[in-house]
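All remarks here apply to the structure that follows.
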Amino acid sequence: MKSSTGEVLVIDDDDTIREVISLTLEDEGYAVLTAPNGAVALELVYQSQPKLILLDMRMPVMDGWAFSEAYRQLPGTHAPIIVLTAATDATLFASQIQADSCLPKPFDLNQLIELVERYIS
Amino acid sequence: MEPSGQTKLLEEVEQLQSRVTTLEETLMQCRLEKEQFQTALGQSEAHLKLALDQTAQKHLVFLAEASKVLAATLDYETTLKTITRLVVPHLADFCAVDLLQKNHVIERVAITHIDPVKEALVLRKGLIRTFDPNTSFGPPKALRTGQPELLSQPIESSAVNSALNSEQLAILKALNFHSYICAPLVARGHSLGTITFGLSESSRRYVPSDLELVQELALRIAQAVDNAQLYREAQEAIHMREEFLSLAAHELKTPLTGLRGYAQLLNRQLDKGDLSDLARFRRALDSILEQSDRLTHLVSRLLDVSRLDLGWLVIQPSVTDLTGLVEGVVRLAQANPNKHRVILKASDIPLVVMLDPIRFEQVVISLVDNAIKYSPEGGQVELQLDWLRDSDTITLRVTDQGLGIPVEHRQHIFDRFYQAHRGAYLGGMGLGLHIAQQIVTLHGGQITAEFPEEGGTHFIVTLPGNLIYNAPLNFTTPLDKEV
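Chains as they are written, first to last, in this note's numbering: chain A, 39 to 159; chain B, 6 to 488.
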């Protein structure tokens, strides 16, 4: 088990998916923050600087497009964004917001861990 | 006989001879003129025949050209502009095509005027013009009656003044028609729009024989527009289906992600030999069951839609305690942790009704789920069950204090695949209300919606009173039971 290597911010409106990702990444030793939509996530990035953001696209209140735009306008450095979406246009959505990577749902937990490891070393 | 008498007689004979000669000359002259006249008449007839043949020939060439233009593309807005340009100036000084839109507005889609200044005026004043459907002349009349109209003098000003607004009057005055033909575009028994030919600049007037050409052109335009509209509708249906499939895939993959995730998480724990945290095992298994219920629900809704499409959705009515059924749904909703207060107002005396309990429960759940889903800020969701003796109807009213439904979406909320708040990503496939309405219809009832000004939405399910099985004599209103 690794030591806590950084914070991952998981933004998804589905409670179960947030839980599964949190448990998996926490088991791997990452500190995880979660938010059910972009608006809550923006509040969180003010308080802590996550090293990686896992972002769902279709969410109520503030969706992935609006979040990424607002986040990139914040001063300072920005964490890489991995798009997590069940939409058929997963790669299109990822390119629309110039995300660093994309993981279509449903995903394999090993894939998720590998991807997170790649961005947080 | 006296000599003087003889002379007189001779004079008279001479005079008579002279008159005969004059008459003979006149007769000759008449014969000559008759021949000349007959020759001229023959030439005129020949000319007239030639002229008619030439006109018919011109009309045929025009119709062939029009057909070619109409067949060239399914983009009828562009095509119709070409057609009006073909008509002016040979057949009219002004030509316009108006089409009936889905919202029953008559829209002017193409217009050409011999005078570019006047054409620009009409265009500047707005290509899209709405007509009062009750107007007693022009496109609205032709649409209403399905018959062409020919006018060989200006429209009576009283009729015009009452039907048009000041801007339309100004346009009509500028166009200054003294003769026009307006023919409906009829395809498969429906009037799709009209074509108008107008004369203003020349001294020509339309005559009844001109109707034939305009009607022939109208028929060809109508067929082309009808084909193009059918093609568009088919394309829209395909597009909608694709969008729905993409949405359905998204909706199915979301619970699948949670389900698979938890199953893999359990596997990983087993791989590590870590069986200590039994609470975590329990939580994972509960989640897996929950997500599989979600999947089952979604798949059932998808099956319902295909059953409805095929006419296979049938109801199996049985004696049902409707009050108890609604109460059950309310208790279920109350048990879910959320920001909403769900209450039921009903009579203490249960309403026992003949209906399909499983399907009707689905309707009530759908309405309550919607009320909760579309009130993201929480608030009260109230169900009120009543039997109105005056109208002999059973009503179930579900009211929320949520987002309400924007005016432009209201007429579509019961449509298949329709979501009034799609951009809000609140989930769902746009099927709930559609299926609910179909189920209620199968029971002989209906669902209507009200949109109070203070916000929120009221859905009212109305069932016919004859579904009541054993009418309770002591049924009480007002409703004093609260759950």
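Ideal Cβ placement from N, Cα and C applies to all residues, glycine included.
Quick caveat, the model's predicted, so the values are computed rather than measured.
By the C-beta density criterion, S292(B) is buried, having at least 16 other C-beta atoms within 10 angstroms. Pairing V230(B) with L197(B) gives a Cβ-Cβ distance under 7 Å. For Q173(B) and E70(B), the gap between their C-alpha atoms comes out near 32 Å. Between the alpha carbons of Y267(B) and H448(B) lies a distance of about 42 Å. When the beta-carbon positions are compared, V114(B) and E82(B) come within less than 7 Å of each other.
Taking a contact to require three or more Cβ pairs closer than 8 Å, the region 173 to 188 of chain B and the region 210 to 221 of chain B qualify as touching.
The beta carbon of L47(A) does not come within 7 Å of any beta carbon belonging to chain B, so the residue lies off that interface.
Any Cβ of chain A closer than 7 Å to the Cβ of S292(B) would place that residue at the interface, and such an atom is present. Pairwise C-beta distances place the region 294 to 308 of chain B out of contact with the region 319 to 334 of chain B, as fewer than three of them are shorter than 8 Å. Assignment of E387(B) by DSSP, reduced to helix, strand and coil, places it in the strand class.
Taking the C-beta atoms as reference points, R364(B) is found no nearer than 7 Å to I418(B). Here P469(B) carries a strand assignment [DSSP, helix/strand/coil]. Contact of I55(A) with chain B by beta-carbon distance below 8 Å involves T259, T262, G263, G266. Annotation: V154(A) has no Cβ neighbours in chain B at a cutoff of 9 Å; minimum Cβ distance is about 14 Å. With respect to chain A, the C-beta atom of L271(B) has no partner C-beta closer than 7 Å.
For W317(B), no pairing in a beta bridge is given by DSSP.
Cβ proximity to chain A below 9 Å picks out G428, A429, Y430, L431, G432 from the region 428 to 446 of chain B.
Among the residues facing chain A, S281(B) is not included, as its CB has no counterpart in that chain under 7 Å away. Only exposed fits F42(B), as fewer than 16 other CB atoms lie within 10 angstroms of its CB. Annotation: L37(B) to T44(B) spans about 11 Å, alpha carbon to alpha carbon. For Y185(B), the three-state secondary structure derived from DSSP is strand. DSSP links G198(B) through a beta bridge to L104(B), L190(B).
In summary, C140(A) is buried, with 16 or more beta-carbon neighbours lying within 10 Å of its beta-carbon over all protein chains present.
Spanning the alpha carbons of L264(B) and E152(A) requires a straight line of approximately 20 Å. Interface flag for A338(B) against chain A is unset, since no Cβ pair is found closer than 7 Å.
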